[in-house]
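Residue numbers (my numbering): 1 to 113.
Have a look at this one:
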């Protein structure tokens, strides 16, 4: 829904984006999902969500909170911290992407070799 990164840049937005893998959250890990992901795009100046792309199990349900946030101009920070996120559940992929976009520590943490 919304804009792609290229469309947002062409429209003059300064953007941030985050791709979050399904396997990065407990539910996705338990499903052994190695292909599903969510990508969120926000306006760097306002924090408003400009676009979201989700591919994977329950994508049509997981994207609904993003549609609502975009419709009601809810900034990413408010969406990430202004509600409870059920655990374990696939919508945590959205929560983790939002937290990363808001400067929270990345999850999962970088792997050390």
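Beta carbons are placed, not taken as given, at the ideal position from N, Cα and C, and that holds for glycine.
Identity of the residue in 82, 36, 32, 41 nearest residue 8 by Cα | 41
Cβ separation of residue 66 and residue 44, assumed to be a contact under 8 Å, to the nearest whole Å | No, residue 66 and residue 44 are not in contact; Cβ-Cβ is about 18 Å, not under 8 Å.
Are the region 77-85 and the region 16-26 in contact at 8 Å, needing three or more beta carbon pairs?
-> Output reads no: the region 16-26 does not touch the region 77-85.
Are residue 98 and residue 57 closer than 9 Å when you measure CB to CB?
-> For residue 98 and residue 57, no; Cβs fall outside 9 Å.
Would you grab the beta carbon distance between residue 17 and residue 39 for me? Rounded to a whole angstrom, and I think it's under 8 Å.
-> 6 Å
Among 80, 92, 93, the one whose alpha carbon lies nearest that of residue 104 | For the residues 80, 92, 93, the minimum Cα distance to residue 104 belongs to 80.
Neighbour-count burial assignment, residue 36, 16 or more Cβ in a 10 Å radius = The residue is buried, with at least 16 neighbouring Cβ atoms inside 10 Å.
Would you mind working out which of 13, 11, 92 sits nearest residue 54, comparing C-alpha positions?
-> 92
Whose CA, out of 51, 32, 31, 33, lies closest to the CA of residue 6?
-> 51
Using the C-alpha atoms, what's the distance from residue 49 back to residue 72?
-> 10 Å
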